[in-house]
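Colleague:
2 protein chains.
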Amino acid sequence: MTSKRQLLIDTALQLFYEDGVNSVGINQILKVSGIAKKTLYHHFNSKEALILAALSQRNNNFIRWLESHLKNATTDQQLIENLFNALTTWFTNSAAELGDFRGCFFINTSAEFCDPNSEIAKYCQSHKRQVRAIIGKYLSSPNPQLLDALCLLKEGAITTAYVTNDLEAAQKCLWITAKFKIAL
Amino acid sequence: MTSKRQLLIDTALQLFYEDGVNSVGINQILKVSGIAKKTLYHHFNSKEALILAALSQRNNNFIRWLESHLKNATTDQQLIENLFNALTTWFTNSAAELGDFRGCFFINTSAEFCDPNSEIAKYCQSHKRQVRAIIGKYLSSPNPQLLDALCLLKEGAITTAYVTNDLEAAQKCLWITAKFKIAL
DNA sequence: ACCAAAGTAGACCAATCTGTCTACCTGATA
DNA sequence: TATCAGGTAGACAGATTGGTCTACTTTGGT
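If you read the sequences in order, they're chains A and B.
According to the numbering used here, the first sequence is numbered sequentially starting from 1.
According to the numbering used here, the second sequence is numbered sequentially starting from 1.
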């Protein structure tokens, strides 16, 4: 069955997100999941392939979670509130689907893979594009400048919440957007 | 003399920033710098101590660079322009003092060290506090909300420029601040 | 002139890393 | 019933990791 494959991905994602991709060895993943090494290399060619699978899994989880928070917004103002309120639930470990907050898995993983042409770096880039597209989809009308502003504030909030442990970062973004009535 | 010590720090910082702290081994630093292992461990107790020294060096470089760009601003508007224009020169590799852009060394290093109580994570946190304080110092009057906005946008710009290779991220921040006349 | 600190080269250690391999077991399907 | 993908355990290989150590040389200040 593919259940072992899935268990490997789940375990890898959990550990990778928790400790960083380079800090987690194959053997640790095998130990935690209770799966044999041969089985891992039957399903994945290399550690990199497993990392990509974990990134993909996280991408799916994150996008499903994000979309569930944005979908019922009827105005741009509501969309903005939903977005940053959702981030706050994430930062405060109230978003069970995303696990204990340890920053953005894709930003963190990018930091560990310098080569911007690696598959891993490219995947992280595409994740950010997807997230941007989703937020844009729920805007009442195309508005690249507002979209840029929301994405930049979002990235700033995630980074700030993680590095400086400022759990209010997303709420501050809300106050900021409230101040500038830009194109709302 | 301490010249060897300094050479070690310079080499370590260069390699750490380029490839990530966990991807660079002690032996690589020794090879590049041409310094003996005994000498390294004479000056530093451990790799972690060397990392902390490299972080400190980078902190000094960055703050000196930042301050040089902000100091002659006479209005808040000018300060904001100086800040984000400076970031753009960094992103486009026109800030020689900071080396080829590879994101924020402190964000990247935080991503590699999960434990928020580690000395390294704490140092990264304190760097961000210092940068915030410097920007605040040059505001015409204390304005925590504006300061929050600038810091969040700044973090967002750095992260976005690095992960998605969007070199215009800082310029977008400028357009955004131009739109909202918040407390200027 | 002397002495301690700072430096050299590099062997060595134990641990860990990714990845390969042998030998065997299990269960579903043709 | 035969077959084959998927699974097990774990030894093994080859490289690399951070760090210690010995034995020796260079250098600068008193």
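No residue lacks a Cβ here, since even glycine has one placed at the ideal position from N, Cα and C.
All figures in this text were calculated on a predicted structure; none of them were measured in a lab.
#1: Looking at chain A, is there any beta carbon in it that lies within less than 9 Å of the beta carbon of B:TRP90?
#2: Less than 9 Å separating the beta-carbons of A:TRP65 and A:ALA86?
#3: Could you list the residues in the region 121 to 145 of chain A with a C-beta less than 8 Å from some C-beta on chain B, going in chain order?
#4: Can you confirm whether the region 94 to 113 of chain B touches the region 60 to 77 of chain B when touching is taken to mean that 3 or more C-beta pairs between the two stretches lie within less than 8 Å?
#5: Starting from B:CYS151, follow the alpha helix (DSSP H) in both directions and report where the run begins and ends.
#6: What does A:PHE44 touch in chain B if you count any residue whose Cβ is under 8 Å from its own?
#7: Output yes if chain B places a C-beta closer than 9 Å to the C-beta of A:SER110; else output no.
#8: A:GLU112 and B:ALA111 look like a contact to me (Cβ under 8 Å); what is the Cβ gap, rounded to whole Å?
#9: Along chain A, in chain order, which residues have C-beta atoms closer than 7 Å to that of B:LYS172?
#10: So, for B:CYS173: in the same chain, excluding its five sequence neighbours on each side, which residues have a beta-carbon less than 6 Å away from its beta-carbon?
#11: Can you give me the C-alpha to C-alpha distance between B:ASN45 and A:ALA133, rounded to a whole angstrom?
#12: Residues of chain A with a CB under 8 Å from the CB of B:TYR41: which are they?
#13: Report buried or exposed for A:THR164, applying the criterion of at least 16 other Cβ atoms within 10 angstroms of its Cβ.
#14: So B:ARG5 contacts chain A; which residues on that side make the cut at Cβ distance below 9 Å?
#15: Write down the C-beta distance between B:LEU52 and B:GLU155 rounded to the nearest angstrom, noting that I regard them as a contact closer than 8 Å.
#16: Can you tell me where the alpha helix (DSSP H) with A:GLY136 in it begins and where it stops?
#17: In the structure shown, what three-state DSSP assignment does B:ARG102 receive?
#18: Can you find a CB in chain A that lies within less than 9 Å of the CB of B:LYS179?
#19: For a cutoff of 9 Å on Cβ pairs, would you count B:GLY99 as touching chain A?
#20: Is B:HIS127 buried or exposed, if buried means 16 or more other CB atoms sit within 10 Å of its CB?
#21: Quick check: A:LEU7 and A:GLN57, are their CB atoms within less than 9 Å of each other?
#22: How is the alpha helix (DSSP H) around B:ALA12 delimited, first residue to last?
#23: Find the residues of chain B that neighbour A:GLY20, judging by a C-beta separation of less than 9 Å, and give them in chain order.
#24: Residues of chain A with CB under 8 Å from B:ALA169, in chain order?
#25: Using 10 angstroms around the beta-carbon of B:ASP148, count the other beta-carbons present and answer buried if the total reaches 16, otherwise exposed.
#26: Along the chain, where does the alpha helix (DSSP H) that runs through A:THR89 open and close?
#27: In chain A, what lies closer than 7 Å to B:ALA157 by C-beta?
#28: To the nearest angstrom, how far is the alpha carbon of B:LYS179 from that of A:ILE176?
#29: According to DSSP, simplified to helix, strand and coil, what is A:LEU167?
Modeller: Judging by the given coordinates:
#1: Locating residue 90 of chain B in the second sequence gives position 90, counting from the first residue. Closer than 9 Å: no.
#2: What you label residue 65 of chain A is simply residue 65 of the first sequence in a count that begins at 1. What you label residue 86 of chain A is simply residue 86 of the first sequence in a count that begins at 1. If you check the CB distance, A:TRP65 and A:ALA86 come in under 9 Å.
#3: Taking 8 Å as the upper bound on Cβ-Cβ separation, chain B lies near residues CYS124, GLN125, LYS128, ARG129, GLN145 of the region 121 to 145 of chain A.
#4: Under the three-pair Cβ rule at 8 Å, the region 60 to 77 of chain B counts as touching the region 94 to 113 of chain B.
#5: As a working mapping, residue 151 of chain B is identified with position 151 in the second sequence. B:CYS151 -> alpha helix (DSSP H) spans 144 to 163.
#6: Working through the first sequence from its first residue, we reach residue 44 of chain A at position 44. Result: empty, since nearest Cβ-Cβ is about 21 Å, beyond 8 Å.
#7: In the first sequence, residue 110 of chain A corresponds to position 110, counting from 1. Residue-level contact by beta carbon holds for A:SER110 and chain B, with a gap shorter than 9 Å.
#8: Position 112 of the first sequence holds residue 112 of chain A. Position 111 of the second sequence holds residue 111 of chain B. About 7 Å; that satisfies the 8 Å criterion.
#9: Here residue 172 of chain B is taken as the residue at index 172 of the second sequence, counted from 1. When 7 Å is used as the limit between beta carbons, B:LYS172 is near these residues of chain A: ASP148, LEU152, in chain order.
#10: The residue you call residue 173 of chain B lines up with position 173 of the second sequence. Excluding five sequence positions before and after B:CYS173, the CB atoms of its chain that fall closer than 6 Å to its own CB belong to PHE84, LEU153, ALA157, given in chain order.
#11: By one-based count along the second sequence, residue 45 of chain B stands at place 45. By one-based count along the first sequence, residue 133 of chain A stands at place 133. If you take the alpha carbons of B:ASN45 and A:ALA133, they lie about 48 Å apart.
#12: Working through the second sequence from its first residue, we reach residue 41 of chain B at position 41. Residues of chain A whose Cβ lies closer than 8 Å to the Cβ of B:TYR41 do not exist, since the nearest Cβ in that chain is about 23 Å away.
#13: In the first sequence, residue 164 of chain A corresponds to position 164, counting from 1. Answer is buried; the Cβ neighbour count reaches 16.
#14: The residue you call residue 5 of chain B lines up with position 5 of the second sequence. Taking a Cβ-Cβ threshold of 9 Å, none of the residues of chain A is close to B:ARG5; the smallest such distance is about 26 Å.
#15: By one-based count along the second sequence, residue 52 of chain B stands at place 52. By one-based count along the second sequence, residue 155 of chain B stands at place 155. About 22 Å; that fails the 8 Å criterion.
#16: The sequence position of residue 136 of chain A within the first sequence is 136, counting from 1. Here the alpha helix (DSSP H) through A:GLY136 covers 119 to 137.
#17: What you label residue 102 of chain B is simply residue 102 of the second sequence in a count that begins at 1. Coil, per DSSP.
#18: For this step, residue 179 of chain B is matched to residue 179 along the second sequence. Chain A contact via Cβ: present.
#19: For the purposes of this step, residue 99 of chain B is taken as residue 99 along the second sequence, with counting starting at 1. It does not: the Cβ of B:GLY99 has no partner Cβ on chain A nearer than 9 Å.
#20: On the second sequence, position 127 is the one that residue 127 of chain B refers to. Buried.
#21: If you number the first sequence from 1, residue 7 of chain A lands on position 7. If you number the first sequence from 1, residue 57 of chain A lands on position 57. Result no, Cβ atoms of A:LEU7 and A:GLN57 do not sit closer than 9 Å.
#22: Indexing the second sequence from 1 puts residue 12 of chain B at position 12. It spans 3 to 19 - the alpha helix (DSSP H) in which B:ALA12 sits, taken as one unbroken run.
#23: What you label residue 20 of chain A is simply residue 20 of the first sequence in a count that begins at 1. Neighbours of A:GLY20 on chain B, chain order: ASN22, ALA111, GLU112, PHE113, CYS114.
#24: Here residue 169 of chain B refers to the residue found at position 169 of the second sequence. Here the neighbours are LEU152.
#25: What you label residue 148 of chain B is simply residue 148 of the second sequence in a count that begins at 1. By the neighbour-count rule (16 or more Cβ atoms within 10 Å), B:ASP148 is buried.
#26: In the first sequence, residue 89 of chain A corresponds to position 89, counting from 1. From DSSP, the alpha helix (DSSP H) with A:THR89 extends over 76 to 91.
#27: Looking up residue 157 of chain B in the second sequence gives position 157. Those within 7 Å of B:ALA157 in chain A are LEU152.
#28: The sequence position of residue 179 of chain B within the second sequence is 179, counting from 1. The sequence position of residue 176 of chain A within the first sequence is 176, counting from 1. If I take the Cα positions, the gap works out to 12 Å.
#29: Reading the first sequence from its first residue, position 167 is the one you call residue 167 of chain A. Under the three-state reduction of DSSP output, A:LEU167 falls in the coil class, being neither helix nor strand.
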